[in-house]
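Just add 1356 to wherever you are in the sequence shown, counting from 1, and you've got the numbering used here.
Every residue gets a Cβ at the ideal spot worked out from N, C-alpha and C, and that includes glycine.
This structure is a prediction, so every number in the text was calculated from the model and none was measured.
Below: one structure, written as C-alpha coordinates.
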Amino acid sequence: KYLGVSYNTYKKYAKMYGIFEAQRNQNGVLRRGYKYSERTNIEDILEGRHPEYKNLPLLQHRCIRWGYLKNECYNCGIDESRITDQKKPLKLDHLDGNITNHLLQNLRLLCYNCYFLMVG
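Printed below as a string of C-alpha coordinates:
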(Lines of atoms letter the chains of each structure in order from A and count residues from 1; the text may use other names and numbers.)
(Lines give C-alpha, C1' and ligand atoms only; values in the text may rest on other atoms or scores of the structure.)
Protein backbone atom coordinates (compact mmCIF):
# COMPACT_ATOMS: atom_id res chain seq x y z
CA LYS A 1 0.00 0.00 0.00
CA TYR A 2 2.75 2.42 0.91
CA LEU A 3 4.99 1.41 -1.98
CA GLY A 4 2.33 1.76 -4.65
CA VAL A 5 2.67 -1.85 -5.85
CA SER A 6 0.57 -4.95 -5.32
CA TYR A 7 1.42 -7.43 -2.59
CA ASN A 8 2.45 -10.10 -5.10
CA THR A 9 4.88 -7.72 -6.82
CA TYR A 10 6.39 -6.73 -3.47
CA LYS A 11 6.67 -10.38 -2.43
CA LYS A 12 8.40 -11.38 -5.68
CA TYR A 13 11.08 -8.70 -5.41
CA ALA A 14 11.47 -9.04 -1.65
CA LYS A 15 12.15 -12.77 -2.07
CA MET A 16 14.57 -12.03 -4.90
CA TYR A 17 16.60 -9.72 -2.63
CA GLY A 18 16.22 -11.92 0.46
CA ILE A 19 14.24 -9.47 2.61
CA PHE A 20 10.83 -11.17 2.58
CA GLU A 21 9.61 -12.51 5.90
CA ALA A 22 6.75 -14.99 5.99
CA GLN A 23 3.72 -14.04 8.06
CA ARG A 24 3.45 -15.50 11.54
CA ASN A 25 0.36 -16.12 13.65
CA GLN A 26 -0.25 -14.65 17.12
CA ASN A 27 2.00 -17.25 18.78
CA GLY A 28 4.91 -16.49 16.46
CA VAL A 29 4.55 -19.72 14.48
CA LEU A 30 4.82 -19.55 10.70
CA ARG A 31 1.50 -19.81 8.92
CA ARG A 32 1.22 -22.67 6.50
CA GLY A 33 -0.08 -22.03 3.05
CA TYR A 34 -1.82 -24.46 0.74
CA LYS A 35 0.71 -26.72 -0.89
CA TYR A 36 -0.18 -28.40 -4.15
CA SER A 37 -0.18 -32.15 -3.79
CA GLU A 38 1.04 -34.02 -6.81
CA ARG A 39 -2.06 -36.11 -7.34
CA THR A 40 -0.94 -37.66 -10.60
CA ASN A 41 2.14 -39.83 -10.21
CA ILE A 42 5.01 -38.71 -12.48
CA GLU A 43 5.86 -42.30 -13.40
CA ASP A 44 2.30 -42.89 -14.57
CA ILE A 45 2.42 -39.78 -16.76
CA LEU A 46 5.76 -40.74 -18.33
CA GLU A 47 4.58 -44.29 -19.01
CA GLY A 48 1.60 -42.97 -21.01
CA ARG A 49 -1.20 -43.79 -18.57
CA HIS A 50 -2.45 -40.17 -18.45
CA PRO A 51 -2.63 -38.74 -21.98
CA GLU A 52 -5.17 -36.17 -20.75
CA TYR A 53 -2.54 -34.48 -18.54
CA LYS A 54 -2.42 -30.87 -19.80
CA ASN A 55 -0.23 -28.91 -17.35
CA LEU A 56 2.98 -28.87 -19.41
CA PRO A 57 4.90 -26.27 -17.32
CA LEU A 58 4.30 -28.39 -14.21
CA LEU A 59 5.27 -31.54 -16.10
CA GLN A 60 8.51 -29.85 -17.18
CA HIS A 61 9.24 -28.74 -13.60
CA ARG A 62 8.52 -32.21 -12.19
CA CYS A 63 10.65 -33.97 -14.84
CA ILE A 64 13.61 -31.72 -13.99
CA ARG A 65 13.08 -31.98 -10.22
CA TRP A 66 12.87 -35.79 -10.26
CA GLY A 67 15.86 -36.10 -12.61
CA TYR A 68 14.10 -37.48 -15.68
CA LEU A 69 15.27 -34.58 -17.88
CA LYS A 70 18.50 -32.58 -17.67
CA ASN A 71 18.01 -28.85 -17.13
CA GLU A 72 19.67 -27.86 -20.42
CA CYS A 73 18.82 -27.57 -24.10
CA TYR A 74 18.96 -30.99 -25.75
CA ASN A 75 19.90 -29.44 -29.12
CA CYS A 76 22.57 -26.81 -28.45
CA GLY A 77 23.39 -27.64 -24.81
CA ILE A 78 22.87 -24.12 -23.44
CA ASP A 79 22.88 -24.18 -19.64
CA GLU A 80 22.63 -20.50 -18.68
CA SER A 81 20.18 -18.92 -16.25
CA ARG A 82 18.45 -15.57 -16.47
CA ILE A 83 19.91 -12.88 -14.23
CA THR A 84 16.60 -11.69 -12.80
CA ASP A 85 15.05 -14.92 -11.52
CA GLN A 86 17.78 -17.57 -11.99
CA LYS A 87 15.48 -19.75 -14.13
CA LYS A 88 16.59 -21.37 -17.34
CA PRO A 89 14.53 -20.35 -20.39
CA LEU A 90 13.57 -23.80 -21.68
CA LYS A 91 10.42 -25.22 -23.28
CA LEU A 92 9.16 -28.78 -23.17
CA ASP A 93 8.99 -30.29 -26.67
CA HIS A 94 7.29 -33.46 -27.86
CA LEU A 95 9.37 -35.15 -30.57
CA ASP A 96 6.42 -36.59 -32.48
CA GLY A 97 4.39 -33.36 -32.24
CA ASN A 98 1.58 -35.05 -30.29
CA ILE A 99 1.19 -33.09 -27.04
CA THR A 100 -0.77 -35.92 -25.42
CA ASN A 101 2.12 -38.39 -25.82
CA HIS A 102 4.06 -37.87 -22.59
CA LEU A 103 6.36 -40.89 -22.89
CA LEU A 104 9.84 -40.08 -21.61
CA GLN A 105 11.41 -41.05 -24.96
CA ASN A 106 9.18 -38.44 -26.63
CA LEU A 107 10.12 -35.49 -24.38
CA ARG A 108 13.05 -33.08 -24.57
CA LEU A 109 13.85 -29.57 -23.39
CA LEU A 110 14.76 -26.89 -25.91
CA CYS A 111 15.86 -23.28 -25.46
CA TYR A 112 13.59 -20.71 -27.08
CA ASN A 113 15.91 -20.23 -30.06
CA CYS A 114 16.11 -23.96 -30.87
CA TYR A 115 12.38 -24.37 -30.22
CA PHE A 116 11.57 -21.63 -32.73
CA LEU A 117 13.98 -23.02 -35.34
CA MET A 118 12.94 -26.67 -34.98
CA VAL A 119 9.25 -26.52 -34.06
CA GLY A 120 8.17 -23.14 -35.33
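In this structure, the alpha-carbon of H1406 lies about 13 angstroms from that of L1412. Its Cα nearest to that of L1463, the residue L1425 stands out among E1399, Y1363, L1425 and K1367.
Contact between L1402 and L1460 holds, with the beta-carbon distance rounding to 5 angstroms and staying under 8 angstroms.
Contact check for I1434 and C1467: beta-carbon distance about 5 angstroms, within the 8 angstroms limit, so the pair qualifies. Looking from the CA of P1445, the closest CA among T1365, G1404 and F1472 belongs to F1472. The three-state reading of DSSP puts K1367 in helix, counting H, G and I together. Around the beta carbon of H1458, 16 or more other beta carbons sit within 10 angstroms, so the residue counts as buried.
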